[in-house]
Structure formats: C-alpha cells, structure tokens
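Participant: Mind having a look at this structure? Questions to follow.
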Amino acid sequence: MANPQELLASRVQDGLAVAFGEAYRDTDPLIRPSQHADFQANVALSLAKRLGQPPREVAAQLAAALAVADVCLAPEVSGPGFINLTLRDDWIAAQADAMRADERLGTDAAADPQTVVVEYSSPNIAKEMHVGHLRTTIVGDAIARVLDFAGHHVIRDNHVGDWGTPFGMLIEHLLDVGEGSPAAATLRTDPNTFYQAARTKFDSDPVFADRSRQRVVLLQGGDPDTLRLWQELIELFKDYLHRIYGTLRVTLTDDDIRGESFYNTMLPQVVTDLEAAGLAVLDEGALCVFPSGFTGRDGSPLPVIVRKSDGGYNYSTSDLATIRYRVDDLDVDRAIYVVGSAQALHFRMVFAVARLAGWIPDGTSFEHAQIGNVLGTDGKILRTRSGDSIKLSALLREGVDRARGILNELEASSQFDEATLASIAEAVGIGAVKYADLSTARDSEYVFDWDRMISFKGNTGPYLQYAAARIRSIFRRAGLDPDDIAGPIVIEEKAERDLALKLLGFGPAVWAVADSTEPHRLCTYLFELASQFTAFYEMCPVLKAELDTSRESRLALCALTLRTLVSGLGLLGVPVPERM
Ligand code: ARG
C-alpha cells in the first residue's frame, strides 16, 4: 500500500529527470494538498528561474513527462504553473483493499530501526503524583507505543526521583510509625499523607530534623539497614504506581523503573572526567561547567553545577550520568525526555555539557519533548479550591463518575447491566481525560475542562469511542463479523472516495507522531476520519444499499474504518468499549 503523497513525489521526481535531466531529480517536487484536485505539484514555480523559462511552460513540460496514468487522471496545469493531480478512484479503492489485507494497516515499518529510550512519568517517590505528572505519563506512553509500532526498539524509562535529602525524613518517619503499621501502608494508597506527616515533623521538631539529616548521611554512605528501609519505602510506593498506571492503562512496568538512585555510583566519575577535560571550574566553592551561549539576565554566563560547595552532587550531575549510561550502555540512537517545559533550560544546558564532553556522539539525538501546564478554568495551574495540587487518583475517579452520570442519561444505557455500564463509564471517563491531554499540542498549556473533554461532540475521546461503537453496532445488527467482509471496495460516491482517501492517511499520521513525538497529530487524523465516516454514513446506506456489490464495498469501508479507529486509539492508549 502506498502513501499517495510520497508516491506522487517520487513520480514527479522521475518526471523532472525525464523532462530536464538527471540533475533535477532531487528537487523537492512540492506536493501539497489542493483545493481543485487531491494534490498539486508546485515545483514548476520554484524551477522556472533556474531553467530560465516561464513557470507555466515548465509545468507543461513536466506534466507531459509524468508517467502517472496508473495512479492519476491526466495531470492538469493550472494557475501560474501548478500541476493538479487527481487520484483515480480505482487506484484509491485498490490501495484501501491493500490496507485491509495488511496487518499494519499500511503503516511502513522503520527501514532502519533505532534504539530509542523514551523517558516519561518520572514522579518523585513518596509524593502523590499530581496533574503535571498525568500529562507526561499519558503523552510519554503514547509516544512509546507509536515508536514501538513504527518498528523501533523502544526502551521505556521511568526516571523516578528516588534519592536525595527527603529520604532522610521519610525513613525516620517510617521508623516512628513502625514498619508494617497501617500508617506505613498509607504509602500504598495515599502517599502524600505520609509525606506531609514527615514534612510537618521535620519543620517543627528539631530533634527529628537532626535525625533525618544523619539518616541522609547513612543512606549516602550505603549503610545496609538504612538501604533496607529506603527499599521498603520504594516498594510501598510501587504499589501506588501499579494502581495509577493500571487505571490509566499505561504500559510502564517495574522493569522500566530506573530512578535517580541507579546513577548514584556513576556520579564521581562524571565530575572527575569533566575536571580532567578541563571543562569544570570552581566558582564560589561549587564545581561548575559554563556551556557557551547560556547567559542570565545580566549577561553573565550560567553554570551547570556538578558538585555543590558542600561536596554533594545534584540533579544535573545525575542527568549527566544518565546521558552517559544511555549512550554507552543502552547504545541509544535517540533519547526522548517527556518532561514539563519548566525544565527546558536544564535539559538544554546538560545536553550542551554532555556534547562538550564528547559524551553524545554526532547523529545521536537527545530531545526534550516539552509538556505544557494543565490549567484550571481560572487560567492558573490546576489546583483544588484550597490551593493544593489536585491528586491524580481523585481526578480519575471524578472522570469515571462524570462519565457514569452522562451515560445514565442516555436512553441506550437501559440495555446494559450494571457491570457493563460500570466498565463503559470507566473506559469513557479515563479515555476522556487521556484524550484531552493527547489532543492538545503537548507543549501548549490547556485548560482542564470536564464539560468539554467528556462531551460526545467535537474532537474528544468519547466522540471517537462512540464512532467505533456505532460501527460495531452496524455489524451486530446485520449479524456480521467485520473481519469476515470480503469486499472488494468499489468507489461510486464522493463520500466513499473521501472516506477511502482519508483511510490511506493512517500510516502517514502514525509516522508523523513517531518523527515529531507529537501525539496530537494522530488525534487530529482520527477525528477527521471519524467525521468523514459520519458524512459517508449519512450519504451512503450500508445495510440497505441497492446493489449487493455496493453493500459489500460499504461494509468493507466500515470494517476498515473500525480497525483504523481501534488501532489509532490503541496507539494513544485510549480504551475502546465494545458497546456504548
Ligand atoms: N522527577 C522529576 C520531577 O518530578 C522529573 C525527572 C525528569 N527527568 C530527568 N531526567 N531529569 O520533576
């Protein structure tokens, strides 16, 4: 199955070579969607000067040299020198049939698979995840799924914050409440309460604060008993993560956790090597690297601090060690950091230091996939009324409750038993929250608005879930299995043509996400597909089609649309209920 735009590009390049000589083959043919045809090639306009001929004449020569009769109607020169290209209906139908026959729905598999680490979620252990982590988790998971599907070797990496000073007070608090006590178990369900209790004691009780500080020294010194207690805290928190990831249908497992502590033993070497390379200098007792091009407001160079004046290492040191590990041990071609935009400068600077030190080879890509803030309807970072950051678990529960409320009002719900309704509400509530996150460009902020995200209209999760469920119901009514439709697809109506052509856009949409790490592109595609399907379904009777061949073709279009919607939502990690 061919991507129309790519196929036309290569055909026009052949035409350029025939009309003007081999030297012209590599010119960008500038294939763009067109208002008057499916596509237009704009290359004649850009070539006219080089060839010293009027653009329309260049276009006419090129059009005459094109060998596209198997794909397009006769190319037409229009306007100042565009070449209009209209795909043949039988070509579109044959491509759609090829897509039906392909397990990958016509999506090319990476010709040259890369090893890609996708780092996402990365909460701080013992603190409840907040809405900010929701987005990095959901978007990161979609990116990982898409890269997997595109045929790359994906390493999921949950870079949890599991080391550092807070663990002194957390361990002391664990000892105070007692290992195995109910208070310790709250880490599994409500980690914030545990954290807050430790924090409050730390701030008000100097003896506790002192113990906590000594405990950090023991932890960093590798004291076995302290390490055991630290491990226990982590295990309890993992239970919390399991539940949240399970609810969110996020594919991260324990094996993907490689937190800050993992890099601990590598930190001294980072510093030694930077010093040996003459890149690190002492500045007011702290060891710093000053990568060029980074200055503060007053124009003074900004440091990356790799060892604090008290001798401790910090966040940047840990990230430098992480980069080295990913390059040297994981052998990555590409590293994608799905982290909030607030850390943009941090990443630009540590990537710059790592390049200076020669730790990132040329051709290896380190990318910060920036995640924008989630805002409340007041335009400020989403918080509860009392000003606390909103807990993820409470938020997800509310989504499911609201979905249930909406479903209860639908007449169709009366056919479902209680268990079915509950599972539909779960899929709709979680799907709505996830889709709202995914469908907004990941680096823009967006306003968290229940009414908009849970609506059955517009570019929302429920709309797409419903579109899939509605197609399933067509097959159910006819007593047919969508996988058993023989076809072939025959295009007679414009609505059939539009739908089939839109279907061919699936592979390109998947690849756009793989390359750009922007899942919203796939959302936009799926929304357009579902809208195109609605138009088709209004125009073209399926089960009541006049001819058997039309009915079979339309059923094939329905089945292919269903598979495409389900696969696309699957790549986004949005659940699709069987019925709604
Ligand atoms: N744990 C950090 C936070 O919650 C995010 C970690 C980002 N990743 C990294 N390699 N620094 O803010």
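Residue numbers (my numbering): 1429 to 2008. From the three backbone atoms N, C-alpha and C, an ideal C-beta is built for every residue, glycine too.
#1: Taking 8 Å as the cut-off, does the region 1583-1599 touch the region 1679-1699 (at least 3 CB pairs, one atom from each stretch)?
#2: Could you please give me the residues that DSSP links to Gly1589 through a beta bridge?
#3: Taking 6 Å as the limit between beta carbons, can you name the residues of its chain near Ala1942, skipping five residues before and five after?
#4: Quick check on the DSSP output: the beta strand (DSSP E) that includes Ile1764 runs from which residue to which?
#5: When the distance is taken between beta carbons, is Ala1864 closer than 8 Å to Val2012?
#6: Measure the CB-CB distance between Thr1745 and Leu1695 and report whether it falls below 8 Å.
#7: Using DSSP's beta-bridge definition, name the partner residues of Tyr1691.
#8: Where does the unbroken beta strand (DSSP E) through Ser1793 begin, and where does it stop?
#9: By the DSSP assignment, the alpha helix (DSSP H) with Leu1435 in it spans what residues?
#10: Which term fits Gln1463, buried or exposed, when burial requires 16 or more other beta carbons within 10 angstroms of its beta carbon?
#11: By DSSP, does Lys1972 sit in helix, in strand, or in coil?
#12: Between which two residues does the beta strand (DSSP E) harbouring Trp1512 extend?
#13: Among residues of its own chain, excluding the 5 on either side of Ala1487, which ones have a beta-carbon nearer than 6 Å to its beta-carbon?
#14: Count the other CB atoms, across all protein chains shown, that sit within 10 Å of the CB of Asp1530; report buried if there are 16 or more and exposed otherwise.
#15: Cα separation between Ser1640 and Asp1738?
#16: If we count the other Cβ atoms within 10 Å of its Cβ and call it buried at 16 or more, is Asp1569 buried or exposed?
#17: Along the chain, which unbroken stretches of the alpha helix (DSSP H) at least 4 residues long are found entirely within the region 1906-1981?
#18: Suppose contacts are defined by Cβ-Cβ distances below 8 Å. Is Asp1871 in contact with Gln1771 by that definition?
#19: List, from N- to C-terminal side, the beta strand (DSSP E) runs of 3 residues or more that fit wholly inside the region 1690-1760.
#20: Indicate the three-state DSSP secondary structure (helix, strand or coil) for Lys1808 in the structure shown.
#21: Which first and last residues belong to the beta strand (DSSP E) in which Ala1884 is found?
#22: Can you tell which of Leu1562, Thr1681 and Leu1664 has the C-alpha that lies nearest to the C-alpha of Gly1608?
#23: How many Å lie between Phe1884 and Asp1877 at the Cα?
#24: Tell me where the beta strand (DSSP E) around Pro1461 begins and ends.
#25: Assuming contact is defined by CB atoms lying nearer than 8 Å, are Leu1513 and Ala1445 in contact in what I supplied?
#26: I'd like the list of long-range same chain contacts for Ala1940, defined as Cβ closer than 7 Å, with 5 residues on each side in sequence excluded.
#27: Should Arg1516 and Cys1500 be called a contact, given that it needs their Cβ atoms to be closer than 8 Å?
#28: Can Pro1619 be considered in contact with ligand 1, in the sense that its beta carbon sits closer than 7 Å to one or more heavy atoms?
#29: Between Val1802 and Gly2001, how many whole angstroms is the CB-CB distance? I'm expecting something under 8 Å.
#30: Going by DSSP, what residues sit across from Phe1467 in a beta bridge?
#31: Give every residue of the same chain whose Cβ lies closer than 7 Å to the Cβ of Arg1643, excluding the five residues on either side of it in the sequence, and list them in chain order.
#32: Contact defined as beta carbons within less than 8 Å: I believe Thr1989 pairs with Leu1954. What is the distance between those atoms, to the nearest angstrom?
#33: In the DSSP assignment, what residue or residues form a beta bridge with Glu1504?
#34: Is the beta carbon of Pro1551 within less than 7 Å of some heavy atom of ligand 1?
#35: Could you check the C-alpha separation between Glu1450 and Trp1519 for me, to the nearest Å?
#36: Please identify the residue among Asp1466, Ser1550, Glu1920 and Ala1495 whose C-alpha is closest to the C-alpha of Asp1442.
Facilitator: Taking the coordinates as given:
#1: yes
#2: Asn1552
#3: Val1574, Leu1575 and Ala1578
#4: Arg1762 to Gly1768
#5: In the structure as shown, the chain begins at 1429 and stops at 2008. Residue 2012 is therefore absent and cannot be evaluated.
#6: yes
#7: Note: Tyr1691 sits in no beta bridge, so no partner.
#8: Ser1793 to Ile1799
#9: Pro1432 to Phe1448
#10: exposed
#11: coil
#12: Contrary to the premise, residue 1512 reads as Asn rather than Trp in this sequence. Run containing Asn1512: Phe1510 to Leu1513, per the beta strand (DSSP E) assignment.
#13: Ala1472, Val1505, Gly1509 and Ile1511
#14: exposed
#15: 17 Å
#16: buried
#17: 1922-1931, 1934-1944 and 1948-1967
#18: no
#19: 1708-1711, 1714-1717 and 1732-1735
#20: coil
#21: In the sequence on display, residue 1884 carries Phe and not Ala. Run containing Phe1884: none; DSSP gives neither H nor E here.
#22: Leu1664
#23: 14 Å
#24: Ile1459 to Pro1461
#25: no
#26: Arg1949
#27: yes
#28: no
#29: In fact, because the Cβ distance is near 17 Å, the residues do not count as touching under 8 Å.
#30: Pro1461 and Leu1513
#31: Gly1596, Ile1599, Glu1600 and Thr1654
#32: No, Thr1989 and Leu1954 are not in contact; Cβ-Cβ is about 10 Å, not under 8 Å.
#33: Asn1512
#34: yes
#35: 28 Å
#36: Ala1495
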